[in-house]
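Chemist:
There are 2 protein chains.
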Amino acid sequence: MSSRPVFYISDQTGITVETLGNSLLRLYPSVKTNIITLPFIDSISKVNKVIDDINDLQKKSGNRPVVFVSIINPKIREIISSQNFLVLDLFDLFLAPLTAEFNVKPSNENIKSHTDADSKEYEVRMDATNFALSSDDGVAMADYDKSDIILVGVSRSGKTPTCLFLALRYGIFASNYPLTEEDLEESKLPKALAPFRSKLYGLSISPERLRNIRIARRGEGKYSSQQQVNFESRAALTLFQKNHIPYSDTTHQSIEEVASRIFSETKLVRRISP
Amino acid sequence: MSSRPVFYISDQTGITVETLGNSLLRLYPSVKTNIITLPFIDSISKVNKVIDDINDLQKKSGNRPVVFVSIINPKIREIISSQNFLVLDLFDLFLAPLTAEFNVKPSNENIKSHTDADSKEYEVRMDATNFALSSDDGVAMADYDKSDIILVGVSRSGKTPTCLFLALRYGIFASNYPLTEEDLEESKLPKALAPFRSKLYGLSISPERLRNIRIARRGEGKYSSQQQVNFESRAALTLFQKNHIPYSDTTHQSIEEVASRIFSETKLVRRISP
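Sequence lines, in order, name chains R and F. In terms of the working numbering, the first sequence is residues 1 to 274. In terms of the working numbering, the second sequence is residues 275 to 548.
1. What did DSSP end up calling Y444/F once you bin it into helix, strand or coil?
2. On a CA-only basis, which of N486/F, D401/F and L440/F is nearest R535/F? Give me that one, please.
3. Tell me the residue span of the beta strand (DSSP E) that contains T311/F.
4. Quick one: which residues of the stretch 115-131 of chain R get their C-beta closer than 9 Å to a C-beta of chain F? List them in chain order.
5. Could you give the residue range of the alpha helix (DSSP H) that holds I51/R?
6. DSSP three-state label for N73/R, please.
7. Taking 7 Å as the CB-CB cut-off, is V305/F touching chain R?
8. Of all the CB atoms in chain R, is at least one closer than 7 Å to the CB of Y302/F?
9. Quick check on F69/R - is its C-beta less than 7 Å from some C-beta in chain F?
10. Are the CB atoms of L542/F and D363/F within a distance shorter than 7 Å?
11. Using a threshold of 7 Å, state whether the C-beta atoms of R488/F and S480/F are closer than that.
12. Between the alpha carbons of R271/R and R77/R, how many angstroms are there, rounded?
13. Can you pull the chain R residues whose beta carbon is under 7 Å from the beta carbon of A490/F, in chain order?
14. Can you pull the DSSP bridge partners for N450/F?
15. Which of the three DSSP states is assigned to D116/R in this structure?
16. Spatial neighbours of G21/R within its chain, please: C-beta separation below 6 Å, excluding the five flanking residues on both sides.
17. Quick check on S248/R: does DSSP put it in helix, strand or coil?
18. Would you say E232/R faces chain F, with C-beta separation under 7 Å as the test?
19. So which of S254/R, H244/R, P246/R and S204/R has the shortest CA-CA distance to N230/R?
20. Could you tell me the alpha carbon to alpha carbon distance between E121/R and K112/R, rounded to whole angstroms?
21. Among P464/F, I315/F, S304/F and G493/F, whose alpha-carbon lies nearest the alpha-carbon of N103/R?
22. Using a Cβ-Cβ cutoff of less than 7 Å, which residues in the same chain neighbour A406/F once the five nearest sequence positions on both sides are dropped?
23. Between the C-alpha atoms of R338/F and D366/F, what's the straight-line distance to the nearest angstrom?
24. Counting along the chain, where does the beta strand (DSSP E) carrying G41/R start and finish?
25. Return helix, strand or coil for P469/F, following the three-state DSSP convention.
26. Give the residues of chain F in contact with I35/R, contact being defined as C-beta atoms less than 8 Å apart.
27. Could one say the Cβ of L298/F lies closer than 7 Å to chain R's Cβ atoms, at least one of them?
28. Using a Cβ cut-off of 9 Å, pull out every chain F residue sitting near S107/R, in sequence order please.
29. Taking CB distances under 7 Å as the criterion, tell me whether I328/F reaches chain R.
30. Hey, quick one: how far does the beta strand (DSSP E) through S538/F stretch, first residue to last?
31. Among E256/R, S233/R, V50/R and K46/R, whose alpha-carbon lies nearest the alpha-carbon of G202/R?
32. Please classify G476/F: does DSSP put it in a helix, a strand, or coil?
33. May I ask you to report which of helix, strand or coil DSSP gives F365/F?
34. Thinking C-beta only, is T290/F closer than 7 Å to S344/F?
35. Is V269/R helix, strand or coil when you go by DSSP?
36. Closer than 8 Å is the cut-off here; do at least three beta carbon pairs connect the stretch 245-263 of chain R with the stretch 311-324 of chain F?
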C-alpha cells in the first residue's frame, strides 16, 4: 500500500502541530505515512503554492492527504479547508470553546512567544543553556552553588542531554556530577556534593544499556566491559539509595521523559513560561 | 481579577499538550492564567488525586479550571470529563475524524515514541547532540566532513544553541564556524570552509542585539563596544552576501524559529522521525 501523505502546516515553526500530529499518528501504527512539515506559511501566496504541491502529491499517491493546520489568519485557513483534504485545524477545534469560556475574542495578531529573541525569557534560556554547556563534566564549586539541580550519575547515564533539555524547556540551571570510581567504591556522598544535598538528583541505568551505549561510543574495552558496567550500574544505585538521593532510571526513557520526571518530582521552579 | 487555573494533564511528558495549550492561550493576552503541568498521570489513583487538587484550587480561585488532556486510557479521560471543568481533550477532538479517515481503530496501548531510549533513533539523537557539544567552537576538519550543516557567524550570534536544537529535533549533525577578526576583515570565504561550501549557513545579527548579549555575558569592554559590534555585524553580513552563503537574521527569532527556518530553507534530511 502506498503511504498516506500527512502535512503539518504552520504560520510559525510547526513544532506545536508536529508534536500533536505525531502523538496522534502513533496510535495508528498500521497506517504508513509520509510526513512533511511546512513552517512559516504566513501569506496567501505561500499557501497557494503549498496547496499546489499537496495536490500534486495526492495525484501521485492516490491517497487523500491528511493536513494538520496551525495558522492564525482565518483567510489562509479557509483556503486550506476548502480543499479535498482531511483538514484538522487546531485553532478551529479549540478556539470556539476557549472563546466562550473566557468571553474574550482571540487576538488576530501573531503574538510572539516568550522565548523570542526580544524577550527577557530568551536571555534566561540562553543563560541556562550556556550554563549546562559550560558546566559539562568539569565543574567548579561556584557552578554547583548557582545550580538549581545537580544530576549525579556514571559516565553515559544521560546527564548532559538532560541538563540541556532542562535548560531549553524550563530555563533551569542544571549541572552534572560524574561519579568517579572512588565515589562508587565508597558508596558515600562525594565530598564536593555535601553542601548541595538538597539539589541532588541521580540518574541510574541498567548495566546492559550502559554497556551498549559505551560500546557504541568507544568500542569494546574496560570502559564497556560487562564487569565494569555491572559494577558502576549497581554501585551508583546503592549510592543513591544509601544517601537518600532521589533518582530515576533512564534505561527506557527518552530525554524528555527523564527531564519531565525530574521536574515533576522535585520542587524546581520554571524560569521561563511554558 | 484572580487568575484562571489552567492544567495540562498527560499520561506522558506533557510536552504535546503544553505546546498546544500555550499556542492557544497566547491568543488571549488579556486572560491571566496560572498554568500547571501534570505529567505521567497514567492510573486511576493518580487522576483521582489530581482532581482533588484541581477542585481545591477551584474553590480558592473561584474560577472554573481549564483542563487540557492528553491521555490515551478512555477510563481516565472519562473521570476528568465528568468534572465541572472546561475540558479540552486532544484525543477526543482528533481521533474521531482520523479513525473515520483511516478506517482503523486507534491502538489502546501506550506506544513508545521514536526517541525512547530503546530505539535506534535515540542513539542517532544522542550522537547528534554529542556532536554539537564536542564540535562547539573548536572544530576539527574531520568534524566539518561529518557535519550535515555548518553554522557560520560571529561570537554570540546563536550558533551553539541552534546546533543543539537541530540535533535534538531533527537528529542533524551541526557544527559551528566562529568568524575570526581576520575572516571579517577580508570578507572572503575562510579557507577551512572552502571544501564545505554547500554545507554553510550564516547567522546574522543586528549590532544592537549583539551588543546587548555581549554586555550581559561579559560586561562592557572592547568585545561589546559599539564600534566592535558594528564592525562584526556588518562584516559578517557582507561576507555571507559576497560568498553567496544563505543566511538568516537571528535578531528577533527564537532558537526554534532559527532552526525551523534553516531546516525548511536547506535540503537537510531528518535523521529522526518527527
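For glycine and all other residues, C-beta sits at the position ideal for the given N, C-alpha and C. Treat the numbers as computed from the prediction; the structure is a model and nothing was measured.
Modeler: Reading from the atomic positions:
1. helix
2. L440/F
3. T307 to L312
4. T115, D116, A117, D118, S119, Y122, E123, R125, M126, D127, T129 and N130
5. I51/R -> alpha helix (DSSP H) spans I44 to S61.
6. coil
7. At least one chain R Cβ lies under 7 Å of V305/F.
8. yes
9. According to the sequence shown, residue 69/R is Val rather than Phe. Not an interface residue.
10. no
11. no
12. 34 Å
13. E123
14. Beta-bridge analysis with DSSP links N450/F to L425/F.
15. Three-state result, D116/R: coil.
16. Y8 and F68
17. strand
18. no
19. S204/R
20. 12 Å
21. S304/F
22. Cβ neighbours of A406/F beyond the five flanking positions: C437, L438, A441 and A448.
23. 21 Å
24. Note that residue 41/R is Ile in the sequence shown, not Gly. No beta strand (DSSP E) holds I41/R; DSSP gives it neither H nor E.
25. helix
26. S547 and P548
27. yes
28. R300, L301, Y302, P303 and S304
29. no
30. Where S538/F is concerned, there is no enclosing beta strand (DSSP E), although the alpha helix (DSSP H) it sits in stretches over I529 to E539.
31. S233/R
32. strand
33. helix
34. Result yes, Cβ atoms of S344/F and T290/F sit closer than 7 Å.
35. coil
36. Touching, yes.
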